[in-house]
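Participant: Counting from 5, one number per residue, gives the positions in the sequence shown under the working numbering.
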Amino acid sequence: MQTPDTPYLSVVLPIYNEEESIPVLLSRITAALDPVGKPYEIVCVNDGSSDSSLSLLQDAAGKNPRIRIVNFRKNHGQTAAFDAGFHAARGEVVVTMDADLQNDPADIPRLLEKMKDYDVVCGWRQKRNDPWIRLFSSRIANGVRNWLSDETITDTGCSLKAFRREHLLRLKLFNGMHRFLPTLLKMEGCSVVEVPVSHHPRQYGVSKYGIGNRLFKGIYDLIAVRWMKKRYLAYRNDMEIL
Ligand code: UDP
Ligand code: MG
């Protein structure tokens, strides 16, 4: 049952030193979601930023009751930020996106449309605007990831995704697992679809990832996911109590 206090949608934003993007991002989310006409909240997870991100968020939250803040006193990484956001969120549907304006809030209504038929909707950056070295390393990472985890997701690195919150809360996440959310949720029996979304070059600030903390860690994490998939207690999706 939805009361005025329980939003339909929670937008969860992981934020680590994104001070220049925050004001523009919040106003673009508002501009994209107000016309949808469904109650929503914006859950901003400040992941131990050392710039003025937190005070900007506090200013914004003071003016807009839809904005809520989860604050980490130090940096814990993007999976931790997502996990905290998922637990703080109250919406039936959770939309995640980068806080650096690379994802476009204008795509959210299309993801919500698809949520009528699926449990998980993944954005797919068909025309991706990143430096060539990132595109190259992502292509390798996606290929190896899909091969070793027997997966078909084209672009799991795209943060813009929509989920039913009840399914997210069933997952026990570990550092690095945000890249495998569609795979982990498929294991739980969720239906997953990909939709093309736009992608912009990073306008402000710097990427928090390089080859070392993305490609190599990602491959290591992949071994864990491969193991989980092989050892999954598949009876869960194949059982009835008579
Ligand atoms: N981020 C975070 N904690 C971290 C690293 C990143 O909350 O330790 C956030 C970051 O602020 C951004 C999102 O996660 O909103 C994705 O990071 P980034 O844009 O640097 O990744 P890229 O798009 O370059 O893969
Ligand atoms: Mg980014």
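Beta carbons are placed, not taken as given, at the ideal position from N, Cα and C, and that holds for glycine. Remember, it's a predicted structure, so these values are computed and weren't measured experimentally.
Taking the alpha carbon of Gly-214 as the point to measure from, which residue in Phe-178, Ala-145, Ser-202, Asp-242 has its own alpha carbon closest?
Facilitator: The shortest C-alpha separation from Gly-214 is found at Ala-145.
Participant: Quick one: is Lys-165 buried, meaning 16 or more other Cβ sit within 10 Å of its Cβ, or exposed?
Facilitator: So Lys-165 ends up on the buried side.
Participant: Throw me the rounded Cβ distance for the Tyr-44 and Leu-13 pair, which I believe falls under 8 Å.
Facilitator: Confirmed, Cβ separation roughly 4 Å.
Participant: Residue ranges of each alpha helix (DSSP H) run of no fewer than 4 residues wholly in the stretch 24 to 86, ordered along the chain?
Facilitator: Whole alpha helix (DSSP H) segments, 4+ residues: 26 to 37, 57 to 67.
Participant: Going by beta carbon distance, what residues of the same chain come within less than 7 Å of Met-119, once the five residues before and after it are set aside?
Facilitator: Within the same chain, Met-119 has close Cβ partners Val-97, Val-125, Ala-166.
Participant: Between the stretch 64 to 84 and the stretch 138 to 152, are three or more C-beta pairs nearer than 8 Å?
Facilitator: No: the two stretches stay apart, fewer than three of their Cβ pairs being nearer than 8 Å.
Participant: Can you have a look at Glu-155 and say buried or exposed, based on whether 16 or more other CB atoms are within 10 angstroms of its CB?
Facilitator: Buried, because 16 or more other Cβ atoms sit within 10 Å of the Cβ of Glu-155.
Participant: Can the beta-carbon of Val-49 be found closer than 8 Å to that of Gly-89?
Facilitator: The answer is yes: Cβ separation under 8 Å.
Participant: Cα separation between Leu-226 and Lys-67?
Facilitator: Straight-line Cα distance between these residues: approximately 42 Å.
Participant: Using three-state DSSP, classify Leu-177 as helix, strand or coil.
Facilitator: It is coil, neither helix nor strand.
Participant: Residues in its own chain within less than 7 Å of Arg-132 by CB, not counting five upstream and five downstream?
Facilitator: Leu-139, His-203.
Participant: Could you name the residues that DSSP lists as bridge partners for Ile-19?
Facilitator: Paired residue(s): Asn-50.
Participant: What are the uninterrupted segments assigned as beta strand (DSSP E) that are 3 or more residues long and contained completely in the stretch 142 to 175, given in chain order?
Facilitator: Within the stretch 142 to 175, the complete beta strand (DSSP E) runs of at least 3 residues are 165 to 168.
Participant: Arg-72: buried (16+ other C-beta within 10 angstroms of its C-beta) or exposed?
Facilitator: Burial call: buried.
Participant: Is the distance from the Cβ of Gly-147 to the Cβ of Arg-183 below 8 Å?
Facilitator: Not closer than 8 Å, so no.
Participant: Are there any heavy atoms of the ligand MG lying less than 7 Å away from the beta-carbon of Asp-111, as far as the coordinates show?
Facilitator: No, Cβ of Asp-111 sits at least 7 Å from all heavy atoms of the ligand MG.
Participant: Could you give the first and the last residue of the continuous alpha helix (DSSP H) run that contains Glu-117?
Facilitator: 112 to 118 is the extent of the alpha helix (DSSP H) around Glu-117.
Participant: Cβ of Gln-106 versus every heavy atom of the ligand MG: is any distance shorter than 7 Å?
Facilitator: Yes, the beta carbon of Gln-106 sits closer than 7 Å to at least one heavy atom of the ligand MG.
Participant: I'd like to confirm the pairing. Which residues does DSSP put opposite Ser-14 in its beta bridges?
Facilitator: Per DSSP, Glu-45, Val-98.
Participant: Assuming His-171 and Glu-192 form a contact by the criterion Cβ under 8 Å, report the distance between their Cβ atoms to the nearest whole angstrom.
Facilitator: That pair is a contact at about 6 Å.
Participant: To the nearest whole angstrom, what separates the beta carbons of Asp-159 and Arg-129, a pair I think is in contact under 8 Å?
Facilitator: Right, the Cβ-Cβ distance comes to about 6 Å (below 8 Å), so this counts as a contact.
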